[in-house]
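**Student:** Take this structure, written in structure tokens, and hold onto it; I'll ask about it next.
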Amino acid sequence: MSKKWLAALSAIALILVGSVVIFINKPDEADFVRWLTDTYEVDCMDDQCYTLKLSSEGGEASASSTYWNADGYYDSSTGFLNMGMQTKRLYRNRDNPDQFFSIEAEGFWGSFKEIKFVRNGVQVSRRD
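Residues in the sequence shown are numbered consecutively from 1, following full-length UniProt numbering.
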């Protein structure tokens with residue numbers, strides 16, 4: 001009987017440790033910002049990337065390429081056992097609000113994938 005209890009306690013401990021590891025590796029806003037800057041030619045102007053500049057063809061960012069996060073959501077309770085996150089951001093041009101782009105991405109285990117990317121009068125390049 002003691003071997004059964006030992007096996008049961010070991011299984012419970014393994015499940016608890018596994019759950020803690022998954023929760024620790026749950027993506028957050030900082031992981032999204034890192035993914036955004038690694039994937040696209042953007043330069044964040046603050047820690048949360050609420051304001052950013054797009055790199056032009058020559059690699060320089062101009063003042064008219066400044067965009068701010070006008071709208072979006074952050075849902076940290078998605079995926080298997082609420083272990084993922086989903087975020088959507090809408091960036092508008094400061095000089096011309098009719099120029100915008102939006103990105104929607106979902107993250108799990110510290111990495112993200114793009115769900116939807118919409119451009120309206122904006123050229124956003126991917127990094128190689």
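No residue lacks a Cβ here, since even glycine has one placed at the ideal position from N, Cα and C. Predicted, not measured: the structure shown is a model, and the values here were computed from it.
Three-state secondary structure (DSSP) at Arg92?
**Tutor:** strand
**Student:** Looking at Gly84: is its Cβ nearer than 9 Å to the Cβ of Glu114?
**Tutor:** no
**Student:** On a CA-only basis, which of Leu6, Gly18 and Tyr40 is nearest Arg127? Give me that one, please.
**Tutor:** Out of Leu6, Gly18 and Tyr40, Tyr40 has the C-alpha closest to the C-alpha of Arg127.
**Student:** Can you tell me where the alpha helix (DSSP H) holding Glu29 begins and where it ends?
**Tutor:** Looking at the DSSP string, the run of the alpha helix (DSSP H) that includes Glu29 is Glu29 to Thr39.
**Student:** Our contact map puts Arg34 next to Ala70 with C-beta atoms below 8 Å; I'd like the distance itself, whole angstroms only.
**Tutor:** In fact, because the Cβ distance is near 22 Å, the residues do not count as touching under 8 Å.
**Student:** What does the alpha-carbon distance come out to for the pair Ala61 and Ile15?
**Tutor:** Its pLDDT being 46, under 50, Ala61 is placed unreliably in this model, and the coordinates cannot settle the point.
**Student:** How would you write the range of the alpha helix (DSSP H) that Lys4 sits in, first residue to last?
**Tutor:** Ser2 to Ile24
**Student:** Measure the C-alpha to C-alpha separation of Phe101 and Leu90 and round it to an integer number of angstroms.
**Tutor:** 6 Å
**Student:** Taking DSSP as the reference, what is the three-state secondary structure of Ser111?
**Tutor:** Three-state DSSP puts Ser111 in a strand.
**Student:** Arg94: which of Tyr67, Lys3 and Ser19 sits nearest, CA to CA?
**Tutor:** Tyr67
**Student:** Per DSSP, which residues does Arg127 bridge with? Please list them.
**Tutor:** None, per the DSSP bridge assignment.
**Student:** What residue range is occupied by the uninterrupted beta strand (DSSP E) comprising Asp46?
**Tutor:** No beta strand (DSSP E) contains Asp46, which DSSP labels as neither H nor E.
**Student:** Would you list the one or two residues that DSSP bridges to residue 138?
**Tutor:** What is shown of the chain runs 1 to 128, which leaves residue 138 out entirely.
**Student:** Residues in its own chain within less than 7 Å of Arg119 by CB, not counting five upstream and five downstream?
**Tutor:** Phe101
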